[in-house]
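Novice:
In the working numbering, the protein residues as written are 3 to 87.
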């Protein structure tokens with residue numbers, strides 16, 4: 003089912019009801035598909051849940067970049083205040 007942005011704005015309840023009934027809705031702008039509104043209880047929902055669970059299980063990675071940037075910033079600020087040292 004394709005639904006234009008204006009139609010979604012004017013008939014939001016109807017579109018939501020269709021999605022709840024299992025319909026996949028393609029949101030369009032100037033007849034070009036720009037987004038998908040899909041029910042969470044179908045195959046797509048299972049894939050989405052599996053993806054979210056995988057993301058939650060992925061360990062956080064700290065490259066140390068934030069600390070390196072902060073150290074560089076502190077060094078730069080020190081050099082600006084004491085240009086002759």
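Built from N, CA and C at the ideal position, the CB exists for glycine as well.
Going by alpha carbons, who is nearest to residue 42 out of 27, 12, 6?
Specialist: 27
Novice: Apply the 10 Å Cβ neighbour rule to residue 17 and answer buried if 16 or more other Cβ atoms are within range, or exposed otherwise.
Specialist: buried
Novice: DSSP on residue 35, reduced to helix/strand/coil?
Specialist: strand
Novice: If residue 3 and residue 25 are in contact, beta carbons under 8 Å, what's the gap, nearest whole angstrom?
Specialist: Going by Cβ atoms, the distance from residue 3 to residue 25 rounds to 5 Å, so yes, they are a contact pair.
Novice: Taking buried to mean at least 16 other C-beta atoms within 10 Å of its own C-beta, is residue 5 buried or exposed?
Specialist: buried
Novice: Is it the case that the Cβ atoms of residue 50 and residue 29 are separated by a distance below 9 Å?
Specialist: Not closer than 9 Å, so no.
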